[in-house]
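J.: Here you go, one structure.
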Amino acid sequence: MALCTTVAAPAAADGGTTTTAVKPTIVLVHGAFADASSWNGVVERLERRGYPVIAPANPLRGLYSDSTYIASVLDNIKGPLVLVGHSYGGSLISSAAAGNPRVKSLVYVSALMPDVGENGMSLSARFPSELGTATKSVPYRASGGLSGTDLYLKPDKLHQVFAADLPESTTRIMAVTQRPAATTAFSEKAKVAAWKHIPSWFLVAKQDKTINPDQERFEAKRAGSHTVEIESSHVAMISHPEAVTDLVLQAATAVDSARPVLPDTGSRAETALTGITVASLIAGAGALLLGRRLRRPTP
32 MALCTTVAAP AAADGGTTTT AVKPTIVLVH GAFADASSWN GVVERLERRG
82 YPVIAPANPL RGLYSDSTYI ASVLDNIKGP LVLVGHSYGG SLISSAAAGN
132 PRVKSLVYVS ALMPDVGENG MSLSARFPSE LGTATKSVPY RASGGLSGTD
182 LYLKPDKLHQ VFAADLPEST TRIMAVTQRP AATTAFSEKA KVAAWKHIPS
232 WFLVAKQDKT INPDQERFEA KRAGSHTVEI ESSHVAMISH PEAVTDLVLQ
282 AATAVDSARP VLPDTGSRAE TALTGITVAS LIAGAGALLL GRRLRRPTP
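Quick note, the sequence shown lines up with residues 32 to 330 if you use the working numbering.
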């Protein structure tokens with residue numbers, strides 16, 4: 032019994048001195064076809080609650096270079112961090128947070144959340160959406176002889192597939208000002224998956240036609256994320272900034288949550304079951320030893 036109590040009980044806090052918790056900096060990472068202004072409504076609400084916020088420009092050139100850039104942004108911010116990624120931005124925070132002990136929580140908003148060896152293309156192949164028929168490919172050239180292919184949303188498809196719950200007057204401007212993503216953003220495979228070691232929160236957009244909501248549910252369940260579902264298009268942070276802000280605040284105020292240790296496959300539930308099994312074995316061994324001692328004849 033004593034052994035079981037030791038396994039199950041949380042460690043007591045050292046000393047009795049109360050310290051004021053430092054609010055984490057919230058880092059908001061936008062996805063493809065968008066820019067940092069897509070977070071405006073969330074930024075305003077977080078700042079009103081006293082949180083420091085930064086919404087860096089996502090280069091949208093490829094998973095490896097973009098995540099390296101976001102990681103360098105984190106290096107220049109002091110104190111604890113909460114990373115929030117929308118759409119392709121989810122892939123970036125999963126990579127950029129790896130190995131950074133100051134990242135306390137990850138928040139995914141209708142996002143990509145690849146495991147090691149996966150990419151946006153492989154996930155969308157398993158969970159098809161309308162995005163495949165809504166994009167056009169445009170070749171580009173860069174200095175040094177570099178070239179590649181950019182993906183744009185077709186202007187006549189953006190409202191329906193990307194932001195159906197926004198006014199068409201708004202989505203017409205979004206179509207004109209959209210930032211394309213290089214195809215390498217979706218073809219490069221993830222080398223790390225920080226959500227296996229950092230607590231995560233996930234917002235599923237039930238009316239999402241860019242990323243299949245079933246894909247979002249699959250990703251969240253696999254990671255053991257704290258999950259909410261809302262009636263929203265892909266751009267929940269624009270159409271439902273209050274709901275997104277509420278989820279970010281949950282992650283920001285739970286920075287002392289136990290970090291998950293997920294296996295290469297399976298979910299957090301399997302990990303918890305393993306812990307219960309170990310505790311049961313310890314309890315059984317203790318009971319067996321006690322029984323033998325009670326049955327020992329008196330000399």
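Backbone N, C-alpha and C fix where the C-beta goes; we use that ideal spot for every residue, glycine too. Keep in mind the model is a prediction, meaning the values are calculated, not measured.
(1) When the Cα atoms are used, what is the spatial distance from residue 163 to residue 210?
(2) Please identify the residue among 146, 110, 118 and 60 whose C-alpha is closest to the C-alpha of residue 221.
(3) Kindly indicate the opening and closing residues of the alpha helix (DSSP H) around residue 179.
(4) Rounding to the nearest angstrom, what Cα-Cα distance links residue 128 and residue 153 in this structure?
(5) Since residue 156 is in the alpha helix (DSSP H), which residue starts that stretch and which ends it?
(6) To which residues of the same chain is residue 97 closer than 8 Å at the C-beta, ignoring the five residues directly before and after it?
(7) DSSP three-state call for residue 172: helix, strand or coil?
(8) Given a threshold of 16 other Cβ atoms within 10 Å of its Cβ, counted over all protein chains shown, does residue 107 qualify as buried or as exposed?
(9) Is the beta carbon of residue 151 closer than 8 Å to that of residue 171?
(10) I'd like the span of the alpha helix (DSSP H) that includes residue 250, first residue to last.
(11) Only counting runs of 3 or more residues, tell me where the beta strand (DSSP E) segments fall wholly within the stretch 177-227, in order along the chain.
(12) Would you report the Cα separation of residue 75 and residue 82, rounded to the nearest angstrom?
(13) Give me the residue from 214, 61 and 271 with the minimum Cα distance to residue 237.
(14) In the DSSP assignment, find the beta strand (DSSP E) that holds residue 119 and state where it starts and stops.
(15) Taking only runs of the beta strand (DSSP E) that begin and end inside the stretch 76-147, which ones reach a length of at least 3 residues, in chain order?
(16) Identify whether residue 266 lies in helix, strand or coil by the three-state DSSP scheme.
(17) Let me know the secondary structure DSSP gives residue 60 once reduced to three states.
(18) Using a 10 Å radius around the Cβ and a threshold of 16 neighbouring Cβ atoms, would you call residue 173 buried or exposed?
(19) Determine the direct distance from the alpha carbon of residue 79 to that of residue 110, and round the result to whole angstroms.
(20) If you draw a straight line from the C-alpha of residue 258 to the C-alpha of residue 167, how long is it?
T.: According to the structure data:
(1) A direct Cα-to-Cα measurement between residue 163 and residue 210 gives close to 17 Å.
(2) The shortest Cα separation from residue 221 among 146, 110, 118 and 60 belongs to 146.
(3) Premise fails: residue 179 lies in the beta strand (DSSP E), 178-184, not in any alpha helix (DSSP H).
(4) Distance between the alpha carbons of residue 128 and residue 153: 22 Å.
(5) Residue 156 -> alpha helix (DSSP H) spans 151-157.
(6) Contacts found: 89, 90, 91, 123 and 216.
(7) For residue 172, the three-state secondary structure derived from DSSP is strand.
(8) It counts as exposed.
(9) One thing to note: residue 171 has its Cβ no nearer than 8 Å to the Cβ of residue 151.
(10) Counting along the chain, the alpha helix (DSSP H) containing residue 250 begins and ends at 244-254.
(11) Entirely contained in the stretch 177-227, the beta strand (DSSP E) runs reaching 3 residues are, in chain order, 178-184.
(12) CA-CA distance, residue 75 to residue 82, rounds to 10 Å.
(13) Answer by Cα proximity: 271.
(14) For residue 119, there is no enclosing beta strand (DSSP E); the enclosing alpha helix (DSSP H) has its first and last residue at 119-127.
(15) Uninterrupted beta strand (DSSP E) stretches at least 3 residues long and entirely within the stretch 76-147 occur at 112-117 and 134-140, given in chain order.
(16) It is coil, neither helix nor strand.
(17) Three-state result, residue 60: strand.
(18) Flag for residue 173 reads exposed.
(19) Each residue's alpha carbon lies about 20 Å from the other.
(20) Rounded to whole angstroms, residue 258 to residue 167 spans 32 Å at the Cα level.
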